[in-house]
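Heads up: take any position in the sequence shown, counting from 1, add 39, and you land on the numbering used here.
Here's the structure we're looking at; comments come further down.
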Amino acid sequence: FPGEMALRSTVWHVASLTCLLVHAALSSPFHPHPGRPYQSAFSAARTEGMVGGPQKAVTFDKLLVNVGDDFNPDTGRFRCRVPGAYYFAFTVGKHPRKRLSVMLVKNGQEVQAIVYDEHRHRRRKVQSQSVMLSLRPMDTVWLLLHGDAKYALYSNKGPYTTFSGYLVYPDLPPGYPNKHVAAQPPGQPHSGCPPLWAHESKHALLSEPWAAMAEEEEEEEPRSAFSVARTRSLLGEATSRGEKQALSFDVEYVNIGGHFDKSSGRFTCRFPGAYYFAFTVGKHPSRCVSVKLVKNGGDVQAMVFDEDDSKHRAMQSQSLMLSLREGETVWLYSQPHERFAVYSNQGRYITFTGFLIYPE
């Protein structure tokens with residue numbers, strides 16, 4: 040009977056769609072935020088100073104952005120909800136008459152540090168660092184102040200101490216939210232679900248907008264990102280040949296696409312477009328700093344710290360965007376003369392990050 044057939048068809052479609060949605064929810068660790076399934080970003084500031092103590096996580100009292108509600112300013116912790124590659128940046132102020140040592144921590148393990156040894160003067164300074172990390176659901180990231188009371192960070196209503204992070208590339212299953220359908224052999228339903236009719240496909244269960252979105256998700260987008268660190272100092276030599284040798288790295292946080300070679304220190308563009316680059320270097324005691332970002336052999340941006348009579352350690356940071364074509368290369372170059380050096384150790388004071396923002 041026509042009426043009965045129409046009713047059976049409607050019930051079947053509703054049961055099938057419900058089964059697919061429940062299966063997707065139970066099979067995936069990704070739990071989307073209502074209205075912002077693939078978005079996660081935060082930026083927070085602290086308007087008061089802070090003295091070191093046991094397990095002193097840096098907390099924040101001014102929340103500027105919290106897309107997805109993944110950051111808790113009261114604990115200072117960011118908890119990953121959407122798996123993927125995240126970019127983090129933090130700036131801390133040095134307290135007068137105190138040393139400065141702040142670490143970025145992932146799941147209790149140190150990732151990188153900010154340090155400033157000078158404590159005899161009342162001068163205020165700020166130091167910055169940034170890195171890209173690959174996170175899974177429930178991973179946590181926060182800032183940790185050195186536990187000794189000799190260390191402190193400084194801030195006021197300025198503020199000088201900030202912490203930001205955002206999702207650059209979500210690591211979602213291909214064709215989400217219908218990936219579980221795609222994973223089944225053609226014509227075979229999920230366990231406990233009604234069988235597909237011969238003339239129907241996985242997209243037939245979705246309304247036209249959802250089906251279109253699913254097809255768009257299946258198209259691979261260009262992705263390119265890297266974040267590396269160096270744990271060894273590099274000293275200039277009097278006998279330097281003067282060649283522009285790229286600064287190499289020994290720690291790799293992220294290398295999406297495999298476009299960065301840490302042994303040679305060079306990034307090679309595979310997808311033309313607009314790229315963001317950021318780098319931080321440590322100043323070696325009693326040496327000057329002169330580091331340049333180089334594109335295809337030409338200097339793009341310089342970082343200079345001329346003071347070479349001070350024995351304290353400090354850090355300098357720079358960032359910019361570049362328009363790159365396929366095959367172009369970008370790297371860091373440290374002045375090889377004996378007056379110059381860059382400093383690092385297991386605190387990973389030397390870092391270099393870059394990622395594609397807009398492909399052409």
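No residue lacks a Cβ here, since even glycine has one placed at the ideal position from N, Cα and C.
Please read all numbers here as calculations on a predicted model, not as lab measurements.
Burial state of residue i (16 or more Cβ within 10 Å)
i, result
"Ala341", "exposed"
"Lys95", "buried"
"Met360", "exposed"
"Lys196", "exposed"
"Arg326", "buried"
"Leu174", "buried"
"Leu274", "exposed"
"Ala313", "exposed"
"Gly32", "As shown, the chain starts at 40 and ends at 399. That puts residue 32 outside it, with no answer to give."
"Ser79", "buried"
"Tyr126", "buried"
"Pro375", "buried"
"Arg85", "buried"
"Gly336", "exposed"
Coil, strand or helix - residue i by DSSP
i, result
"Ser86", "According to the sequence provided, residue 86 is Thr. The question's Ser does not apply to it. Correct three-state label for Thr86: coil."
"Leu211", "coil"
"Glu338", "Strictly speaking, residue 338 in this sequence is Asp, with Glu absent from that position. Three-state DSSP puts Asp338 in a strand."
"Asn195", "coil"
"Gly132", "strand"
"Ser173", "strand"
"Gly312", "strand"
"Gln357", "strand"
"Cys327", "strand"
"Arg305", "strand"
"Gly297", "coil"
"Arg387", "coil"
"Glu256", "Residue placement at Glu256 is flagged as unreliable, the pLDDT there being 48, under the threshold of 50; the coordinate-derived value follows with that caveat. Helix, per DSSP."
"Arg182", "Note that residue 182 corresponds to Leu in the displayed sequence, not to Arg. Three-state DSSP puts Leu182 in a strand."
"Thr98", "coil"
"Ser67", "Confidence is the limiting factor: at Ser67 the pLDDT is only 41, short of 50, which leaves the residue's position unreliable, though a coordinate-based value still follows. Three-state result, Ser67: coil."
"His242", "Here the model assigns His242 a pLDDT of 43, short of 50, so the residue's position is not dependable, and the following value carries that caveat. Residue state, collapsed to three classes: helix."
"Thr368", "strand"
"Leu395", "strand"
Spatial neighbours of residue i in its chain, beta-carbon cut-off 6 Å, leaving aside the 5 residues before and after
i, result
"Tyr372", "Lys283, Lys331 and Val333"
"Trp370", "Ala285, Gly304, Arg305 and Val333"
"Ser82", "Leu103, Val104 and Ser203"
"Pro209", "Tyr77, Val121 and Gly123"
"Ala317", "Ser169, Ser358 and Thr392"
"Pro261", "Phe310 and Pro398"
Close Cβ partners of residue i (< 7 Å) along its chain, the five nearest in sequence each way excluded
i, result
"Asn294", "Phe265"
"Ser272", "His323, Ala380, Val381, Tyr382 and Ser383"
"Asp178", "Cys119, Lys145 and Asn146"
"Gly88", "His134, Ala191, Leu192, Tyr193 and Ser194"
"Phe288", "Val267, Ala268, Arg269, Lys301, Gly304 and Phe391"
Cβ distance (whole Å) where residue i is taken to contact residue j below 8 Å
i, j, result
"Phe379", "Met171", "Incorrect: roughly 27 Å between the Cβ atoms, too far for contact."
"Ser263", "Thr319", "Contact flag wrong, Cβ pair sits at about 21 Å."
"Tyr315", "Ile396", "5 Å"
"Gly91", "Asp187", "5 Å"
"Val328", "Val339", "The pair is not a contact, with the Cβ atoms about 17 Å apart (cut-off 8 Å)."
"Leu182", "Phe129", "6 Å"
"Asp109", "Phe117", "6 Å"
Nearest neighbour of residue i, chosen from the options [CA to CA]
i, options, result
"Pro135", "Val165, Asp113, Val121 and Val144", "Val165"
"Pro311", "Ser287, Gln357, Gly366 and Ser358", "Gly366"
"Gly386", "Leu143, Pro112, Thr98 and Thr86", "Leu143"
"Asp300", "Tyr193, Leu206, Arg364 and Ala268", "Ala268"
"Leu139", "Gly107, Thr86 and Ser194", "Ser194"
"Gly115", "Val180, Pro176 and Leu192", "Val180"
"Pro198", "Val141, Lys101 and Ser167", "Lys101"
"Ser362", "Gly107, Val97, Asp289 and Cys308", "Cys308"
"Pro176", "Thr200, Leu211, Ser167 and Val150", "Leu211"
"Lys189", "Pro93, Gly107, Tyr388 and Thr368", "Pro93"
CB contact below 8 Å: residue i versus chain B
i, result
"Tyr208", "Reference to chain B is not applicable here, since this structure consists of a single protein chain."
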